[in-house]
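Presented below is the structure to which this report refers.
Written out as structure tokens, the structure is:
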């Protein structure tokens, strides 16, 4: 089978000016993938990685659209810190969007555990395949 490996998403992406937000003169942050506590307090943790994983799932189901593509960086910061989340992609099964929502809980301790996410995704992969009409 195929195996997907995700590394430091900030290091593996091409640096587009709209993907990163400059703070304090030199620091560039990938705010579109960051949870509220990382944006507001520069707090990074396993739970903030889970948030970013939810955004990566969203990217997969949008065929690589930029998160919050319709917004400028300041608007993205406002949306995330006010508790808004990315909309469910058109071809995304409800079960996968539920995982995304679990990753995007405002309180870090309320977010899904990465091991639990792995179990759910593995079980979904073993289930009867669902075929999606991606053109319609």
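In my numbering, the protein residues as written are 236 to 371. In this text, a Cβ means the ideal position worked out from N, Cα and C, and glycines have one as well.
Item	Value
Pick out whichever of 335, 292, 293 and 264 has its Cα sitting closest to the Cα of residue 279.	264
Are three or more beta carbon pairs between the stretch 353-362 and the stretch 298-316 nearer than 8 Å?	no
Quick one: what does DSSP say residue 246 is sitting in, helix, strand or coil?	Low local confidence applies: a pLDDT of 48 at residue 246 is under 50, so the model's placement there is unreliable, with the coordinate-based value given in what follows. If DSSP states are grouped into helix, strand and coil, residue 246 belongs with the helices.
Classify residue 289: buried if its beta carbon has 16 or more other beta carbons within 10 angstroms, exposed otherwise.	buried
Between the Cα of residue 303 and the Cα atoms of 283, 324, 342 and 284, which residue gives the shortest distance?	324
If we ignore side chains and look at the alpha-carbon of each, how far apart do residue 249 and residue 299 end up?	Any reading at residue 249 is ruled out, since the residue's pLDDT is 48, under 50, leaving its predicted position unreliable.
Between which two residues does the alpha helix (DSSP H) carrying residue 336 extend?	329-338
If we call anything under 9 Å between Cβ atoms a contact, is residue 271 one with residue 337?	no
Spell out the partners DSSP gives residue 372 in its beta bridges.	There is simply no residue 372 to check, as the chain begins at 236 and stops at 371 in what is shown.
By DSSP, does residue 262 sit in helix, in strand, or in coil?	strand
Among the candidates 282, 297, 294 and 329, whose CA atom is the shortest distance from the CA of residue 349?	282
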